[in-house]
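A.B. asks: Just so you know, the sequence shown maps onto residues 1 to 592 in the UniProt record's numbering. The following block contains the structure, expressed as structure tokens.
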Amino acid sequence: MGIKGIYQEVGEGERVALLKLAAESLEKQGRPLRIAIDIAIWQFQNQAAQGGTNPEIRTLFYRLVRLLACPVEPIFVFDGPYKPAVKRNKKSGRGDSFANAQAKRLIRLFGCNTHDAPGEAEAECALLQKHGIVDMVLTEDVDALMFGCTKMLRQWSPASKRDTTPTHVSLFDTEKMKLDQHGLDREGMVLVALMSGGDYDPNGLPGCGIKVAVEAAKAGFGRDLCRLKAVDKEGTTAWRNSLIHELRTNENGHFKRKNKALAIPETFPDFKVLRYYTHPVVSPGESIDEIREKVHLKREIQFEDLREFTREVFGWDYRVGALKFIKVLSHAVLVQKLQALERHDNADYVAGIAGFRSDLKNDLVSQVRIQHIPSEIVPIDLSKEEDEKIVQARGGLALNSDDEIDDAENIEESTAKRQPAPFNPSARQGVWALEILAKLRIPEVFADAQVVQKAAEKKKQQAKEPKTKATRSKPGPKTGMPAGALNKFVRASKPHTVSTVTSKALPKENEIITSPTRPTTSRRLRIPSPLEPRHESLQMNSKRLLSHLARPVQQTRLPLRLHHGQGLVCRPLATYLTRCVRFLRQVVLRKG
Numbered sequence: 001m002g003i004k005g006i007y008q009e010v011g012e013g014e015r016v017a018l019l020k021l022a023a024e025s026l027e028k029q030g031r032p033l034r035i036a037i038d039i040a041i042w043q044f045q046n047q048a049a050q051g052g053t054n055p056e057i058r059t060l061f062y063r064l065v066r067l068l069a070c071p072v073e074p075i076f077v078f079d080g081p082y083k084p085a086v087k088r089n090k091k092s093g094r095g096d097s098f099a100n101a102q103a104k105r106l107i108r109l110f111g112c113n114t115h116d117a118p119g120e121a122e123a124e125c126a127l128l129q130k131h132g133i134v135d136m137v138l139t140e141d142v143d144a145l146m147f148g149c150t151k152m153l154r155q156w157s158p159a160s161k162r163d164t165t166p167t168h169v170s171l172f173d174t175e176k177m178k179l180d181q182h183g184l185d186r187e188g189m190v191l192v193a194l195m196s197g198g199d200y201d202p203n204g205l206p207g208c209g210i211k212v213a214v215e216a217a218k219a220g221f222g223r224d225l226c227r228l229k230a231v232d233k234e235g236t237t238a239w240r241n242s243l244i245h246e247l248r249t250n251e252n253g254h255f256k257r258k259n260k261a262l263a264i265p266e267t268f269p270d271f272k273v274l275r276y277y278t279h280p281v282v283s284p285g286e287s288i289d290e291i292r293e294k295v296h297l298k299r300e301i302q303f304e305d306l307r308e309f310t311r312e313v314f315g316w317d318y319r320v321g322a323l324k325f326i327k328v329l330s331h332a333v334l335v336q337k338l339q340a341l342e343r344h345d346n347a348d349y350v351a352g353i354a355g356f357r358s359d360l361k362n363d364l365v366s367q368v369r370i371q372h373i374p375s376e377i378v379p380i381d382l383s384k385e386e387d388e389k390i391v392q393a394r395g396g397l398a399l400n401s402d403d404e405i406d407d408a409e410n411i412e413e414s415t416a417k418r419q420p421a422p423f424n425p426s427a428r429q430g431v432w433a434l435e436i437l438a439k440l441r442i443p444e445v446f447a448d449a450q451v452v453q454k455a456a457e458k459k460k461q462q463a464k465e466p467k468t469k470a471t472r473s474k475p476g477p478k479t480g481m482p483a484g485a486l487n488k489f490v491r492a493s494k495p496h497t498v499s500t501v502t503s504k505a506l507p508k509e510n511e512i513i514t515s516p517t518r519p520t521t522s523r524r525l526r527i528p529s530p531l532e533p534r535h536e537s538l539q540m541n542s543k544r545l546l547s548h549l550a551r552p553v554q555q556t557r558l559p560l561r562l563h564h565g566q567g568l569v570c571r572p573l574a575t576y577l578t579r580c581v582r583f584l585r586q587v588v589l590r591k592g
């Protein structure tokens, strides 16, 4: 709706979370965000809803719940009787009277305000925003910008394709976008609608596209046109001739190329269509204060009537329907109750704050988790709700033995375990709400929660820090190297003499070690006991043995040298062998 292709020129707007806009309004103005909503667009979109009972009105029901949970103060504007009779070459009316009546009934049951515009709803929304009655306008029709709206919202939808809940909107702020500097202010967009086609004249100039129309608007032709009066024929003719000359010659370079083929008839512009944009039918100026008072009137949610509405229209019967009613409404009602509180009012229904977070799905808006009991928030009498009686039958399921029946019961029990726990309206529940709302409305509860949160964060930080206190290491098991483990890695040598002793050359018991410098044959000598008689062989070789033992014993210095494959001769072993030699010499000397 509006001007086809205009968003390609002005941009798609800034995608921002609606919850973030609500938080900024509470922080800066101390009140909820006020939005004028063109309900005709919603009713048109709701026609695509499917499934369930009355899907169109049910879609409106859930949209109201989400709006009130933001928190946002919506004002729903309906089309009036003086809107143009033809729109997009079709007869336009006020819509389905029954649908409008049902929508108004539901909106008022939620405690929201409605307003009937005398003409186009989007033009009335722009008027309310212009006079500060509302902060922004939510509509899909770009005509709201032509009617003078400076902050428009559109495309209330999920942030990404993976999400299903609408959280973000496209914000068009004319001051930030600087449309007036680019010639696409209100007057420029009116010219674009007249040349390329809009709601009231979808054809426009034959052969004129959105690009050429935008270039003409940037050249200032729209501003000059809106200053003309219908009775000023000469001024209108001069304006038209100037536009034709510039299109054909491109003398001032306003267009990318010459447009000689574009024909402009003498009937252009149509001042009747022009006045639809420049002078729409809206509420008179003297009624602005009355409208302000009416749309800002505080209303309360009518729980009993709203419960009956859901029973009649949605089929939420019996106790199960009442439980669903409480579950769906509790979040929005809690936020609305907090919003209506004065600073020092008592909020007995708030059981505390259980957590803090920055919501990733809502542009990192700071939130707190408020504990409450849903049955206290949504005060409906559950004792009046009857339990639904369902007649059940096996329906052809053949169970022919007790074992089969037991198996079937086990299957039902295992399936029930995987299902979520049933909703208990009397149990404490937690919902996420704006941190700034809790800070403004329940400051004492918020301060207590902050103290608990800081203590928990400090404890968590201390747990992460490494301990600096020195601790005594526990003695480990004693491990030792077995004797002879390094034999094959050690090499023994004398000073200035290199000799190797392998493990095979190690002396055995009762064996004499010969000098490594003399190639002699080692002899095995048996050490006789002093009580044994003298052996003849010992007497025969005594002189030879004495001559050998008479030489001074040189204790070999045995440095440890590790070589692969070599034996080990250590200092204690050398000392032991030296003592053995001395002992043998004494024995021989005594016996000899």
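We put the CB at the ideal spot given by N, CA and C, even for glycine.
Tell me where the beta strand (DSSP E) around His168 begins and ends.
C.D. replies: Residue 168 sits at position 168 when you count from the first residue of the sequence shown. Unbroken beta strand (DSSP E) run through His168: 168-173.
A.B. asks: Where does His245 fall in DSSP's three states?
C.D. replies: What you label residue 245 is simply residue 245 of the sequence shown in a count that begins at 1. Three-state result, His245: helix.
A.B. asks: In chain order, what residues of the same chain lie with their CB nearer than 7 Å to the CB of Asp141, ignoring the 5 residues before and after it?
C.D. replies: On the sequence shown, residue 141 is found 141 positions in, with the first residue counted as 1. Excluding sequence neighbours, Asp141 sits near Met1, Gly2, Asp38, Ile41, Glu122.
A.B. asks: Find out if the Cβ-Cβ distance for the pair Leu106, Ile57 is shorter than 8 Å.
C.D. replies: The count along the sequence shown starts at 1 and reaches residue 106 at position 106. The count along the sequence shown starts at 1 and reaches residue 57 at position 57. Cβ distance < 8 Å, so Leu106 and Ile57 count as in contact.
A.B. asks: Check whether the region 247-258 touches the region 276-293, counting contact only when three or more Cβ pairs, one atom from each stretch, lie closer than 8 Å.
C.D. replies: Too few Cβ pairs lie closer than 8 Å, so no.
A.B. asks: Which same chain residues, not among the five before or five after Arg579, have their C-beta less than 6 Å away from its C-beta?
C.D. replies: Residue mapping note: residue 579 aligns to position 579 of the sequence shown, counting from 1. Contacts found: none.
A.B. asks: Assign His168 to buried or exposed, taking buried as 16 or more other Cβ atoms, counted over all protein chains shown, within 10 Å of its Cβ.
C.D. replies: One-based indexing of the sequence shown puts residue 168 at position 168. It counts as buried.
A.B. asks: Cβ atoms of Ser283 and Pro118: under 8 Å apart, would you say?
C.D. replies: For the purposes of this step, residue 118 is identified with residue 118 of the sequence shown, where counting begins at 1. For the purposes of this step, residue 283 is identified with residue 283 of the sequence shown, where counting begins at 1. Yes, these two residues count as a Cβ contact at 8 Å.
A.B. asks: What three-state label does DSSP hand Phe268 in the structure shown?
C.D. replies: The residue you call residue 268 lines up with position 268 of the sequence shown. Coil.
A.B. asks: Just mark Lys272 as buried or exposed, buried being the case when its beta carbon has 16 or more other beta carbons within 10 Å.
C.D. replies: Within the sequence shown, residue 272 is the residue found at index 272, counting from 1. Exposed is the call here.
A.B. asks: Using the beta-carbon count (16 or more within 10 Å), is Ser503 buried or exposed?
C.D. replies: Counted from its first residue, the sequence shown places residue 503 at position 503. Its pLDDT being 42, under 50, Ser503 is placed unreliably in this model, and the coordinates cannot settle the point.
A.B. asks: How many Å lie between Cys208 and Tyr82 at the Cα?
C.D. replies: The count along the sequence shown starts at 1 and reaches residue 208 at position 208. The count along the sequence shown starts at 1 and reaches residue 82 at position 82. About 30 Å.
A.B. asks: Grouping DSSP H, G and I as helix and E and B as strand, with all else coil, what is Asn250?
C.D. replies: Within the sequence shown, residue 250 is the residue found at index 250, counting from 1. Coil, per DSSP.
A.B. asks: Would you mind reading off the limits of the alpha helix (DSSP H) that contains Ala332?
C.D. replies: The residue given as residue 332 occupies position 332 in the sequence shown. Segment 318-340, the alpha helix (DSSP H) holding Ala332.
A.B. asks: Report the three-state DSSP secondary structure of Asn46 (helix, strand or coil).
C.D. replies: Taking the first residue of the sequence shown as 1, we reach residue 46 at position 46. Here Asn46 sits in helix by DSSP.
A.B. asks: Taking its Cβ as the centre, do 16 or more other Cβ atoms sit within 10 Å of Ser196, making it buried, or is it exposed?
C.D. replies: Position 196 of the sequence shown holds residue 196. By the 10 Å Cβ count, Ser196 comes out buried.
A.B. asks: Look up Pro374 in the DSSP assignment and say whether it is helix, strand or coil.
C.D. replies: As a working mapping, residue 374 is identified with position 374 in the sequence shown. Correct three-state label for Pro374: helix.
A.B. asks: Mapping the DSSP letters down to three states, classify Gly119 as helix, strand or coil.
C.D. replies: Numbered from its first residue, the sequence shown carries residue 119 at position 119. Gly119 falls in the coil class under three-state DSSP.
A.B. asks: Report yes or no: do three or more beta-carbon pairs, one from the region 354-368 and one from the region 297-305, lie closer than 8 Å?
C.D. replies: No contact exists between the region 354-368 and the region 297-305.
A.B. asks: What are the start and end residues of the beta strand (DSSP E) that includes Gly430?
C.D. replies: Indexing the sequence shown from 1 puts residue 430 at position 430. Per DSSP, Gly430 belongs to the beta strand (DSSP E) from 429-434.
A.B. asks: How long is the line joining the alpha carbons of residue 634 and Gln155, rounded to whole angstroms?
C.D. replies: Lying outside 1 to 592, the shown extent of the chain, residue 634 is not represented and no answer is given.
A.B. asks: Considering only C-alpha positions, which residue in the set Met136, Thr164, Leu26 is nearest to Arg66?
C.D. replies: Here residue 66 refers to the residue found at position 66 of the sequence shown. Looking at the Cα atoms, Thr164 is the closest of the given residues.
A.B. asks: For the alpha helix (DSSP H) holding Phe290, just list the boundary residues, first then last.
C.D. replies: For the purposes of this step, residue 290 is taken as residue 290 along the sequence shown, with counting starting at 1. Sequence check: residue 290 is Glu here, not Phe. Where Glu290 is concerned, the enclosing alpha helix (DSSP H) stretches over 288-295.
A.B. asks: Taking 7 Å as the limit between beta carbons, can you name the residues of its chain near Val320, skipping five residues before and five after?
C.D. replies: Taking the first residue of the sequence shown as 1, we reach residue 320 at position 320. The residues are Glu388.
A.B. asks: Just to confirm before moving on: does the CB-CB distance between Pro32 and Val72 stay below 8 Å?
C.D. replies: Here the question's residue 32 lines up with position 32 in the sequence shown. Here the question's residue 72 lines up with position 72 in the sequence shown. Closer than 8 Å, so yes.
A.B. asks: Apart from the five residues on each side of it in sequence, which residues of its chain come closer than 8 Å, Cβ to Cβ, to Lys20?
C.D. replies: Against the sequence shown, residue 20 aligns to sequence position 20. Excluding sequence neighbours, Lys20 sits near Asn362, Asp363, Val365.
A.B. asks: Does the beta-carbon of Ser383 have 16 or more other beta-carbons within 10 angstroms, so that it is buried, or is it exposed?
C.D. replies: Residue numbering aside, residue 383 sits at position 383 when the sequence shown is read from its first letter. It counts as exposed.
A.B. asks: Are the Cβ atoms of Gly5 and Ile210 separated by less than 8 Å?
C.D. replies: Numbered from 1 along the sequence shown, position 5 holds the residue referred to as residue 5. Numbered from 1 along the sequence shown, position 210 holds the residue referred to as residue 210. In this structure, Ile210 lies closer than 8 Å to Gly5 by Cβ.
A.B. asks: Whole-angstrom Cβ separation of Ile353 and Val368, contact assumed at under 8 Å?
C.D. replies: For the purposes of this step, residue 353 is taken as the residue at position 353 of the sequence shown. For the purposes of this step, residue 368 is taken as the residue at position 368 of the sequence shown. That belief holds up - the Cβ atoms of Ile353 and Val368 are roughly 5 Å apart, short of 8 Å.
A.B. asks: Using CA atoms only, rank isn't needed, just tell me which of Pro206, Tyr200, Ala219, Arg590 is closest to Gln181.
C.D. replies: By 1-based counting over the sequence shown, the position of residue 181 is 181. Of the listed residues, the one whose Cα sits closest to Gln181 is Ala219.
A.B. asks: For Glu413, does the three-state DSSP call read helix, strand or coil?
C.D. replies: Translated into positions along the sequence shown, residue 413 becomes position 413. Because Glu413 carries a pLDDT of 43, less than 50, the predicted location of this residue cannot be relied on, and the following value inherits that uncertainty. Three-state result, Glu413: helix.
A.B. asks: Would you report the Cα separation of Val137 and Lys130, rounded to the nearest angstrom?
C.D. replies: Translated into the one-based positions of the sequence shown, residue 137 becomes position 137. Translated into the one-based positions of the sequence shown, residue 130 becomes position 130. Whole-angstrom Cα-Cα distance: 10 Å.
A.B. asks: In terms of alpha-carbon separation, which member of Gln429, Ile380, Gln371 lies closest to Ala438?
C.D. replies: For the purposes of this step, residue 438 is taken as residue 438 along the sequence shown, with counting starting at 1. If we check each option's Cα against that of Ala438, Gln371 comes out closest.
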